[in-house]
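One structure is given here, and the rest of the page talks about it.
Residue numbers (the working numbering): 696 to 993.
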């Protein structure tokens with residue numbers, strides 16, 4: 696008798712969904728990046744091998760990393776979706792992609808909140824104060840008065856509790872807080888500090904390290920070369936004390952600027968409230984050797 700052939704078992708396999716990564720992208724004030732004009736809601740694709748810093752659309756997973764490429768206050772930031780072929784940067788969270796879709800614009804406060812959440816996802820979140828010292832070793836806390844500190848390069852610190860400060864000392868190591876009276880401070884080069892809470896100050900001392908605040912009574916101060924300070928809340932002061940630095944403030948705020956020579960010696964220093972001495976809200980200013988405010992382009 697002929698043998699019955701065995702039936703082959705067939706298992707249906709669902710098609711793999713394309714990988715979509717939500718990131719943050721920086722643009723100039725005209726929504727351009729490297730001269731290319733973008734539009735909100737549009738999707739763009741590029742052909743060829745995707746290589747970071749060479750080919751592809753670029754954005755950052757860690758919202759604070761975007762400040763390394765587009766400084767606070769002179770740029771616009773949007774949520775984007777990246778898909779298709781992806782390539783990742785070795786030094787930070789920048790991603791290059793074959794396709795990108797431009798989403799909603801983000802305020803500094805929203806970027807800070809997202810950065811805190813992102814760092815929380817990458818770090819072991821503690822209710823009490825925590826500190827790390829390794830390269831790219833992030834620190835995050837969520838409790839009242841629970842501080843976060845890091846000393847390694849590229850190691851971010853974030854807090855979300857009231858009065859919970861964040862501090863970093865490594866190059867490219869950002870600090871962000873979203874709680875009220877929670878300060879952020881950095882001392883490394885290209886290490887930005889940002890806060891969104893009431894009375895939460897941001898301070899940086901490294902070169903190219905910007906400070907930004909969005910809460911009322913929240914000051915921003917920088918002392919490094921080419922480091923800008925920006926505030927948007929009432930009763931907030933933006934102080935840029937380094938050489939070739941700029942400052943801007945919102946309605947009800949004030950700015951403080953220093954002009955230095957090539958050796959760093961002080962040539963002039965001046966402060967003013969917004970609405971006085973020709974100072975306008977939301978406009979960048981520097982100070983010349985004669986002690987005059989100079990309006991700067993975005």
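Using N, Cα and C, we set each Cβ at its ideal position, and we do this for glycine too.
Computed from a predicted model, the values in this text were never measured in an experiment.
On a CA-only basis, which of the options is nearest residue i? Give me that one, please.
| i | options | result |
| --- | --- | --- |
| residue 901 | 716, 963, 882 and 865 | 882 |
| residue 795 | 816, 753, 887 and 762 | 753 |
| residue 809 | 877, 759 and 929 | 759 |
| residue 872 | 884, 930, 908 and 847 | 908 |
| residue 977 | 954, 766, 944 and 932 | 944 |
| residue 869 | 893, 833, 728 and 875 | 833 |
| residue 839 | 979, 741 and 861 | 861 |
| residue 807 | 958, 961, 888 and 988 | 888 |
| residue 987 | 895, 957 and 950 | 950 |
| residue 879 | 816, 751, 920 and 843 | 843 |
| residue 884 | 927, 891 and 865 | 865 |
Which residues in the same chain as residue i place their Cβ atom closer than 7 Å to its Cβ, once the five residues preceding and following it in sequence are excluded?
| i | result |
| --- | --- |
| residue 841 | 821, 822, 823, 824, 854, 856 and 859 |
| residue 696 | For residue 696, the pLDDT reaches just 46, beneath the cut-off of 50, and the residue's location in the model is therefore unreliable, although a value from the coordinates is still provided. Within the same chain, residue 696 has no close Cβ partners at all. |
| residue 830 | 847, 848, 849 and 850 |
In the DSSP output, what is residue i paired with across the bridge?
| i | result |
| --- | --- |
| residue 821 | 836 |
| residue 936 | In DSSP, residue 936 forms no bridge with anything. |
| residue 752 | 792 |
| residue 965 | 952 |
| residue 982 | 988 |
Just confirm the distance between the C-beta atoms of residue i and residue j, as a whole number of angstroms; I'd bet it's less than 8 Å.
| i | j | result |
| --- | --- | --- |
| residue 637 | residue 836 | Residue 637 cannot be examined here, being either before or after the span of the chain that is shown, 696 to 993. |
| residue 942 | residue 922 | Wrong, their Cβ atoms sit about 10 Å apart, outside the cutoff. |
| residue 965 | residue 952 | 6 Å |
| residue 899 | residue 886 | 7 Å |
| residue 929 | residue 947 | 4 Å |
The beta strand (DSSP E) with residue i in it runs from where to where?
| i | result |
| --- | --- |
| residue 788 | From DSSP, residue 788 is part of no beta strand (DSSP E); its letter is neither H nor E. |
| residue 719 | 715-722 |
Taking 8 Å as the limit between beta carbons, can you name the residues of its chain near residue i, skipping five residues before and five after?
| i | result |
| --- | --- |
| residue 703 | A caution first: residue 703 carries a pLDDT of 45, below 50, which makes its placement in the model unreliable, though a value can still be read off. For residue 703, where only same-chain residues beyond five positions count, there are no Cβ hits under 8 Å. |
| residue 790 | 716, 718, 747, 753, 754, 755, 756, 777, 781, 782, 783 and 784 |
| residue 985 | 963 |
| residue 992 | 979 |
Excluding five sequence neighbours on each side, which residues of the same chain lie with their C-beta closer than 6 Å to the C-beta of residue i?
| i | result |
| --- | --- |
| residue 981 | 941, 989 and 991 |
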